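Presented below is the structure to which this report refers.
Numbering (the numbering used here), first residue to last: -12 to 180.
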């Protein structure tokens, strides 16, 4: 029995001699031989729209433009290769980046929740509140010597009470000045100590 036309399997035919001229038109079997596929696979690619058939001038049967069909098949293979799995290294880097993104989003949400609960305040607001506190504390601290002198006045003479008041006031003013000087350090200066 003679083999049926179009039922050849790739690799079972004899290798053709070197092509010096590429025919303009070819059938499914010839295209299959060029790209290493069976006739049926070429027909399936045609049905799926990868390869296109045309009617040659002066003929009734549709055929493939040889160069165009091979180029379409190569483009199809390249596209499939690009759609396949990315290298494992790229996938791993992508997953690591997604994990870092999720972690940072979680931290951001936590900070926003803390701000909403009032655990953090604005720098300007904190500075204003600290200034108000320090003014109130300074007035309170500077009133201590006169209050102590008034309390001690019943136990000592007036000159001793005034001396205690002056000494205590001087000590408090020196300590407040030292405290104010330490608070006036330039940003980052305290970190060097």
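All C-beta atoms in this analysis are idealised placements derived from N, C-alpha and C, irrespective of residue type, glycine included. All figures in this text were calculated on a predicted structure; none of them were measured in a lab.
Please classify residue 169: does DSSP put it in a helix, a strand, or coil?
Here residue 169 refers to the residue found at position 182 of the chain shown. In the structure shown, residue 169 sits in a helix (DSSP, three-state: H, G or I).
Assess, as a yes-or-no matter, whether the segment 53 to 67 is touched by the segment 86 to 95 under the definition of 3 or more beta carbon pairs within less than 8 angstroms.
no
Name the residue from 15, 107, 130 whose alpha carbon lies nearest to the alpha carbon of residue 60.
Sequence index remark: in the chain shown, residue 60 carries index 73 (1-based). Answer by Cα proximity: 15.
Between the Cα of residue 48 and those of 13, 25, 80, spot the shortest distance and give me the residue it belongs to.
Here residue 48 corresponds to residue number 61 of the chain shown, with the count starting at 1. When each option's Cα is compared against that of residue 48, the closest is 13.
Where are the alpha helix (DSSP H) runs, 4 residues long or more, that stay fully inside the segment 53 to 120, in chain order?
53 to 70, 75 to 104
With DSSP as the reference, please indicate the residues paired to residue 13 in a beta bridge.
In the chain shown, residue 13 corresponds to position 26, counting from 1. According to DSSP, which records beta bridges pairwise, residue 13 is partnered with 51.
Check whether the Cβ atoms of residue 165 and residue 129 sit closer than 8 angstroms, and answer yes or no.
Numbered from its first residue, the chain shown carries residue 165 at position 178. Numbered from its first residue, the chain shown carries residue 129 at position 142. Contact: no.
Would you list, in sequence order, the uninterrupted beta strand (DSSP E) runs of no fewer than 3 residues that lie entirely inside the segment 131 to 164?
none
Euclidean distance between Cα positions of residue 142 and residue 126
Within the chain shown, the letter at position 155 stands for residue 142. Within the chain shown, the letter at position 139 stands for residue 126. Going from the Cα of residue 142 to the Cα of residue 126 covers about 26 angstroms.
Determine the direct distance from the alpha carbon of residue 144 to that of residue 132, and round the result to whole angstroms.
As a position in the chain shown, residue 132 is number 145, starting the count at 1. As a position in the chain shown, residue 144 is number 157, starting the count at 1. Cα to Cα, residue 132 sits roughly 16 angstroms from residue 144.
Hey, how far is the Cα of residue 55 from the Cα of residue 76?
On the chain shown, residue 55 is found 68 positions in, with the first residue counted as 1. On the chain shown, residue 76 is found 89 positions in, with the first residue counted as 1. Each residue's alpha carbon lies about 36 angstroms from the other.
Same chain only: Cβ atoms within 8 angstroms of residue 162, ignoring 5 sequence neighbours per side:
Along the chain shown, one-based indexing puts residue 162 at 175. Counting only Cβ-Cβ distances below 8 angstroms, and skipping sequence neighbours, we find nothing.
May I have the straight-line CA-CA distance separating residue 138 from residue 168, to the nearest angstrom?
As a first step, residue 138 is located in the chain shown; it is residue number 151 there, counting from the start. As a first step, residue 168 is located in the chain shown; it is residue number 181 there, counting from the start. So the two alpha carbons sit approximately 32 angstroms from each other.
Once the 5 residues before and after residue 178 are set aside, which same chain residues still bring their CB inside 6 angstroms of it?
Indexing the chain shown from 1 puts residue 178 at position 191. The predicted position of residue 178 is uncertain, since its pLDDT is 42 and thus under 50; a value taken from the coordinates is nonetheless stated next. Answer for residue 178: no residue qualifies.
How is residue 26 classed by DSSP in three states: helix, strand or coil?
Counting from 1 along the chain shown, the entry for residue 26 is found at position 39. Residue 26: helix per DSSP, three-state reduction.
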